[in-house]
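Trainee:
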Amino acid sequence: MQLKLLKGKLHQAAVTGCALHYHGSLTLDPELMDAVGILPYESILVSNMATGDRAETYAIPGTPGARQVELNGSMARLGAPGDRVIVMAFALLDTDEVEGHQPRVVALDRENRILERLDALYTPLGLRAAVAP
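Position in the sequence shown (first residue = 1) + 50 = this note's numbering.
Spelled out as structure tokens, the structure:
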């Protein structure tokens, strides 16, 4: 049996542009892609934090260091520049691979700079005691 688990996530990415008449996809700064292990043309799920709308597309690398998060094609209907989105990539793991699996997660500011790595906060059993109330 295989399970679909989170592989990587860009949390609160700010949309920097929309190109409705482009072929489709999500353009991401390659440095952001690398931070969470998203590969070019990998399937991703994008969720608008304000509306809850979600759509599946694929990632394409943009300009390194430009911090771009651009909604292309029909994805441009998902949001507008300035909207905050969550970009998620998933992996299918065999049950014997699940133990010890750790997604790579980063939180971003409004300029798409990495604020913090969130992946260190989680264990297979939930939040670490250090961050519990």
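Note that CB positions come from ideal geometry on N, CA and C, so glycine has one too.
Taking 7 Å as the line, does the beta carbon of leucine 95 fall inside it for any heavy atom of the ligand NAD?
Mentor: Of the ligands one can find in the structure shown there are none, so the ligand NAD has no counterpart to examine.
Trainee: Rounded to whole angstroms, how far is the Cβ of valine 155 from the Cβ of valine 86, which I believe are closer than 8 Å?
Mentor: Within the sequence shown, the letter at position 105 stands for residue 155. Within the sequence shown, the letter at position 36 stands for residue 86. Contact holds; Cβ gap of about 7 Å.
Trainee: What's the gap between the Cα of arginine 104 and the Cα of aspartate 79?
Mentor: Stepping through the sequence shown from its first residue, residue 104 is reached at position 54. Stepping through the sequence shown from its first residue, residue 79 is reached at position 29. Arginine 104 and aspartate 79: Cα-Cα distance of roughly 20 Å.
Trainee: Could you tell me the boundaries of the beta strand (DSSP E) in which glutamate 106 lies?
Mentor: Here residue 106 refers to the residue found at position 56 when the sequence shown is read from its first residue. Note, glutamate 106: beta strand (DSSP E), 104-111.
Trainee: Evaluate leucine 121 with the Cβ neighbour count: other Cβ atoms within 10 Å of its Cβ, from every protein chain shown; 16 or more gives buried, anything less gives exposed.
Mentor: Against the sequence shown, residue 121 aligns to sequence position 71. Leucine 121 comes out buried.
Trainee: For the pair the stretch 157-172 and the stretch 139-148, tell me if three or more CB-CB distances fall below 8 Å.
Mentor: Output reads no: the stretch 139-148 does not touch the stretch 157-172.
Trainee: With DSSP as the reference, identify every bridge partner of glycine 87, one or two as the case may be.
Mentor: Numbered from 1 along the sequence shown, position 37 holds the residue referred to as residue 87. Paired residue(s): none; glycine 87 is not in a bridge.
Trainee: For the alpha helix (DSSP H) that valine 65 lies in, which residues bound it at each end?
Mentor: Here the question's residue 65 lines up with position 15 in the sequence shown. Here valine 65 belongs to no alpha helix (DSSP H), and DSSP marks it neither H nor E.
Trainee: Under 7 Å Cβ to Cβ from alanine 179, same chain only, skipping five residues before and after it: list those, please.
Mentor: As a working mapping, residue 179 is identified with position 129 in the sequence shown. Below a pLDDT of 50, predicted positions are generally treated as unreliable, and alanine 179, at 44, falls in that range; the measurement from the model is reported next regardless. Closer than 7 Å at the Cβ level, and outside the excluded window around alanine 179, lies no residue.
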